[in-house]
Amino acid sequence: MNERQLEYFKKKLFAWKDEILRESRETVTHLQKETENHPDLADRATSETDRALELRTRDRQRKLISKIDEALRRIEDGSYGYCEETGEPIGLARLEARPVATMSVEAQERHERRERVHRDD
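With my numbering applied, the sequence shown closes on residue 125, and no number is skipped along the way.
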């Protein structure tokens, strides 16, 4: 991968991380504002369900931020864009779709098949 491509993915990853952090700040603000006590049980249940879903989403995004940080470290150490299993280059189309990818499509498919087999045991 050339320098221009690496710089493109670096900018893409930073922008993605900034967007997630911005959304997280908005969520915190929203959750702080929505502390009203609903007298109706159905309204309260809906509010609690919405809050739980929002917190679950933020937790998933927290994990994604760590993957983004790992990808940025790989860009810096020169290992970005190479499959961690085979050492072969990961296709640009895959990296465009999933910039935090650590495996080629083929290696990822093998990994998922092995997970399914072991999960079924």
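All C-beta atoms, glycine included, are put in the ideal place defined by N, C-alpha and C.
By the Cβ test, the region 39 to 58 is not in contact with the region 85 to 98, since fewer than three Cβ pairs between them sit closer than 8 Å. With a minimum length of 3 residues, there is no unbroken run of beta strand (DSSP E) contained wholly in the region 6 to 91. About 31 Å separates the beta carbons of GLU11 and THR31, which is beyond the 8 Å limit, so they are not a contact pair. The C-beta separation of ALA75 from VAL121 comes to about 28 Å, leaving the pair out of contact by the 8 Å criterion.
When ARG60, ARG8, PHE18 and GLU7 are compared, the shortest CA-CA separation from LYS71 is found for PHE18.
Cα atoms of LEU68 and ILE24: separation of roughly 9 Å, rounded to the nearest angstrom. Comparing alpha carbon positions, the residue from TRP20, SER83, ASN6 and THR33 closest to ALA101 is TRP20. Per DSSP, the continuous alpha helix (DSSP H) segment holding ARG98 begins and ends at 96 to 101.
Within the same chain, MET5, PRO93, ILE94 and LEU99 come within 7 Å of GLY85 by CB-CB distance, once the 5 residues on both sides are set aside.
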